[in-house]
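In UniProt numbering, the protein residues as written are 1 to 290. The beta-carbon is built from N, C-alpha and C at its ideal position, and this holds for glycine as well.
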Amino acid sequence: MLLLTPVLVALVCILIVWIFKNTDRSIKKRKVESQARAETRPWMDEDLRDSSDLYQVEEDGDEWQESEETIDHIPFAHTRYSEEEMAKRSQEFYELLNQRRSVRFISNEQIPMEVIDNIIKAAAGTAPSGAHTEPWTFVVVKDPEVKHRIREIIEEEEEINYRRRMGVRWVTDLKKLRTNWIKEYLDTAPVLILIFKQVHGFAANGKKKVHYYSEISVSISCGLLLAALQNAGLVTVTTSPLNCGPRLRVLLGRPTNEKLLLLLPVGYPSKEATVPNLKRKPLDQIMVTV
Ligand SMILES: Cc1cc2nc3c(=O)[nH]c(=O)nc-3n(C[C@H](O)[C@H](O)[C@H](O)COP(=O)(O)O)c2cc1C
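Structural data, given as structure tokens:
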């Protein structure tokens, strides 16, 4: 029995060392894997890297609010068109959207703010969202000083993006668009719309509320925004200012549960505006019917 004790102690020690080494190895492996993932996806904004939205409840220990709401279900009101009318409307809508272009030369002429209100109502006020969480904030910037500060932040970060973060392939792919880190439209456009996704919301009692599929939901609302701008006769360019999110969020006084997704300068095209002569894929290359 007395002889067995040192043997047992030795065995327990070996077991502890083995467990420790394995845990350390798997942590290192996970770190290397996530580093590799980041390196192969340079276009992913550091601040937006939270596609684990669905798992956030499991991952942090904060208190989360479960929905206890009950809602009435009401008859659905539908407008039915004849087949000819449907064909006409869909063709006209396609023609309208087919004229949309990303315009990087925007005039400083003012635009009616009522139109901006309607456009944001059409986008963020009607878009579908995961579990109807409406996980977005659209910040409309008109103040010339704030616009200029936004330009300074973006140009500073974009110069680093172009020179160091984006890599040769990405910068080469962008050459045909003639884009660089100088963004004059951030000063000239009468309105900048900064679209934030809310990673989670807050219930009335202060507890966190899960926002399901927030990035997909916000992206859908941005698609509607682009269509609404086109319909109103205004132009924009969809921009995703890489790694500018945290500084712009602080500048605009937005809370930490909001992450910048896109920035749209909005206005009329300047007289000398040009666009790259891009071709779009025809239907047989974008649709498969089964
Ligand atoms: C998610 C996304 C991010 C984009 N980011 C930028 C950007 O940062 N800067 C820019 O000049 N254009 C940006 N664009 C615009 C694209 O370059 C443009 O949509 C594409 O060249 C097609 O041109 P079109 O919009 O005129 O059809 C972005 C577009 C999308 C959808």
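Opening and closing residue of the beta strand (DSSP E) in which residue 198 lies: Position 198 of the sequence shown, counted from the start, is the residue given in the question as residue 198. Its beta strand (DSSP E) spans residues 191 to 198.
Beta carbon of residue 258 nearer than 7 Å to that of residue 137: Against the sequence shown, residue 258 aligns to sequence position 258. Against the sequence shown, residue 137 aligns to sequence position 137. Yes, Cβ-Cβ distance for residue 258 and residue 137 is below 7 Å.
As assigned by DSSP and simplified to three states, the class of residue 64: Along the sequence shown, one-based indexing puts residue 64 at 64. Three-state result, residue 64: strand.
Residue 102 Cβ short of 6 Å to ligand 1 heavy atom set: Residue 102 sits at position 102 when you count from the first residue of the sequence shown. Yes, the Cβ of residue 102 comes within 6 Å of a heavy atom of ligand 1.
The segment 140 to 157 in contact with the segment 200 to 209 per 3-pair CB rule at 8 Å: no
Exposure label - residue 185; buried when at least 16 CB within 10 Å: Position 185 of the sequence shown holds residue 185. Looking at its Cβ environment, which holds 16 or more other Cβ atoms inside 10 Å, residue 185 is buried.
Given 8 Å, three or more beta-carbon pairs between the segment 268 to 285 and the segment 103 to 122: yes
Check: residue 240 C-beta below 6 Å from any heavy atom of ligand 1: Numbered from 1 along the sequence shown, position 240 holds the residue referred to as residue 240. Residue 240: yes, Cβ under 6 Å from ligand 1.
Proximity test, residue 179 beta-carbon vs ligand 1 heavy atom, cut-off 6 Å: Sequence index remark: in the sequence shown, residue 179 carries index 179 (1-based). Because some heavy atom of ligand 1 lies under 6 Å away, the Cβ of residue 179 counts as near it: yes.
Start-to-end residues for the alpha helix (DSSP H) that takes in residue 170: Indexing the sequence shown from 1 puts residue 170 at position 170. Looking at the DSSP string, the run of the alpha helix (DSSP H) that includes residue 170 is 167 to 174.
heavy atom of ligand 1 below 6 Å from residue 237 C-beta: On the sequence shown, position 237 is the one that residue 237 refers to. Yes, the Cβ of residue 237 comes within 6 Å of a heavy atom of ligand 1.
Where residue 121 falls: helix, strand or coil (DSSP): Residue mapping note: residue 121 aligns to position 121 of the sequence shown, counting from 1. If DSSP states are grouped into helix, strand and coil, residue 121 belongs with the helices.
The segment 239 to 248 in contact with the segment 119 to 128 per 3-pair CB rule at 8 Å: no
Own chain residues within Cβ distance below 7 Å of residue 194, not counting five before or after: Sequence index remark: in the sequence shown, residue 194 carries index 194 (1-based). Cβ within range, chain order: 139, 141, 248, 252, 260 and 263.
Residue 93 - containing alpha helix (DSSP H), residue span: On the sequence shown, residue 93 is found 93 positions in, with the first residue counted as 1. Element bounds for residue 93: 83 to 98.
Segments of 4+ residues assigned as alpha helix (DSSP H) that fall wholly inside the segment 139 to 170: 144 to 160
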